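Under this note's numbering, think of the first position of the sequence shown as 310, with each following residue one higher.
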Amino acid sequence: MTDRTPFLITVDVEGAVESGSYHNVGLLAQTLSNLALPATLFVTPDVIREKTSTVEQWLADGHAVGLHIHPERLGGDEVWLGEYHQDTVESFLYQGIDVFESHLGERPQLFRAGRWSFSETLLRALAATGFEYDASHRPIEHREPYRIHGLVEFPLSVYGSRLFRSRFLSWNVETLPLSIDALLRSTPRCLACYAATWRILAANPSYLMVGFHDYDLSEPPVRQRIERYLARVGEFTEPVSLNGLAVRSDHRVQIS
Numbered sequence: 310m311t312d313r314t315p316f317l318i319t320v321d322v323e324g325a326v327e328s329g330s331y332h333n334v335g336l337l338a339q340t341l342s343n344l345a346l347p348a349t350l351f352v353t354p355d356v357i358r359e360k361t362s363t364v365e366q367w368l369a370d371g372h373a374v375g376l377h378i379h380p381e382r383l384g385g386d387e388v389w390l391g392e393y394h395q396d397t398v399e400s401f402l403y404q405g406i407d408v409f410e411s412h413l414g415e416r417p418q419l420f421r422a423g424r425w426s427f428s429e430t431l432l433r434a435l436a437a438t439g440f441e442y443d444a445s446h447r448p449i450e451h452r453e454p455y456r457i458h459g460l461v462e463f464p465l466s467v468y469g470s471r472l473f474r475s476r477f478l479s480w481n482v483e484t485l486p487l488s489i490d491a492l493l494r495s496t497p498r499c500l501a502c503y504a505a506t507w508r509i510l511a512a513n514p515s516y517l518m519v520g521f522h523d524y525d526l527s528e529p530p531v532r533q534r535i536e537r538y539l540a541r542v543g544e545f546t547e548p549v550s551l552n553g554l555a556v557r558s559d560h561r562v563q564i565s
């Protein structure tokens, strides 16, 4: 163990929903191979079903694999998972669990909601369906891992400032996660991404969590910037999967 900040590379793996193509899943597999860093992959049921061998290889390579759900892709009429009643959320979760178990031979323990749709209802549904860890919370103040409803929540690493809040006031947004696929699309955004990263690290957090989507790798310049960023930040941190961090954090999570 080192005194470096644990670095969580998280990916929401969805394929290209509009076209039904899973080419980007292959690009992600190549990126993970190029980087040789542990990652945490939140995978939708359809990707597990259509690209089973790829997901199995990720597990064999030591990556953490969890479930990722967008309810509108499972028959829901609302895109925000946290807005549904608990029994409906549980039905979506069980659909994903069934695919996970039937194709991968194990039950998922990690979860992230599409669009970071976090709510108390979601947490209760996750606990009721046997999940242990969630990474959907975009916090304003509470930024350390904490225990709630029998789960351990790993909040997203977020950034924000007075200038940021004034710029995005109309969105009613105070913080944004380090979504590097959105931040690495231009030189000014790249500079902002690195600045936000170092500012978060300077605060000595329990971990640094960044995220992106597999489908953003289809743009070669963005893919190159993502790989460069992850490799660079990985030099100054301790890359670890959520499974590895969960074991380490069990003794220090805050009790809610």
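Think of the CB as a built atom: it goes at the ideal place given N, C-alpha and C, for glycine as much as any other residue. Keep in mind the model is a prediction, meaning the values are calculated, not measured.
Environment of residue i [buried if 16+ CB atoms lie within 10 Å]
| i | result |
| --- | --- |
| R532 | buried |
| H570 | Any property of residue 570 remains undetermined from this structure, which presents the chain solely from 310 to 565. |
| W480 | The predicted position of W480 is uncertain, since its pLDDT is 48 and thus under 50; no value can be drawn from it. |
| L337 | buried |
Through-space distance from residue j to residue i, alpha-carbon basis
| i | j | result |
| --- | --- | --- |
| D490 | D525 | 6 Å |
| D312 | G553 | 15 Å |
| S411 | P529 | 34 Å |
| L510 | H446 | 19 Å |
| L346 | A540 | 8 Å |
| C502 | A512 | 16 Å |
| Y403 | P497 | 42 Å |
| T361 | R537 | 28 Å |
| V469 | H394 | Sequence inspection shows Gly at residue 469; the Val mentioned does not correspond to that position. The alpha-carbon atoms of G469 and H394 are separated by roughly 31 Å. |
| I543 | T484 | Note that residue 543 is Gly in the sequence shown, not Ile. Distance between the alpha carbons of G543 and T484 is about 24 Å. |
| P454 | Q339 | 31 Å |
| V461 | F420 | 11 Å |
| I357 | L317 | 22 Å |
| H458 | R534 | 38 Å |
Minimum C-alpha distance to residue i - residue among the options
| i | options | result |
| --- | --- | --- |
| E365 | F409, L431 and L419 | F409 |
| L487 | G553, Q395, A338 and A505 | A505 |
| E441 | F463, I449 and T361 | F463 |
| E547 | V398, S515, P529 and L350 | S515 |
| S400 | I357, G439 and Y538 | G439 |
| L341 | D355, D523 and S362 | D523 |
| N333 | E359, F316, R557 and I318 | E359 |
| A422 | P354, L492 and V556 | P354 |
| A436 | D396, R452, L493 and V556 | D396 |
| L376 | A444, I449 and R433 | A444 |
| P448 | S428, R433 and W367 | S428 |
(Q) To test your reading of the DSSP string, which unbroken alpha helix (DSSP H) runs of 4 or more residues are found completely within the region 423-466? (A) Complete alpha helix (DSSP H) runs here, min 4: 429-437.
Q: Could you name each continuous alpha helix (DSSP H) segment of 4 residues or more that falls completely within the region 479-527, going from the start of the chain to the end?
A: Annotation: the region 479-527 contains the following complete segments of the alpha helix (DSSP H) (minimum length 4 residues), in chain order: 489-492 and 496-511.
Q | Cβ pair count under 8 Å reaching 3, the region 384-392 against the region 318-326 | A | No contact exists between the region 384-392 and the region 318-326.
Q | Length-filtered (4 minimum) alpha helix (DSSP H) runs lying within the region 328-408 | A | With a minimum length of 4 residues, the continuous alpha helix (DSSP H) runs that stay inside the region 328-408 are 332-344, 354-359 and 361-369.
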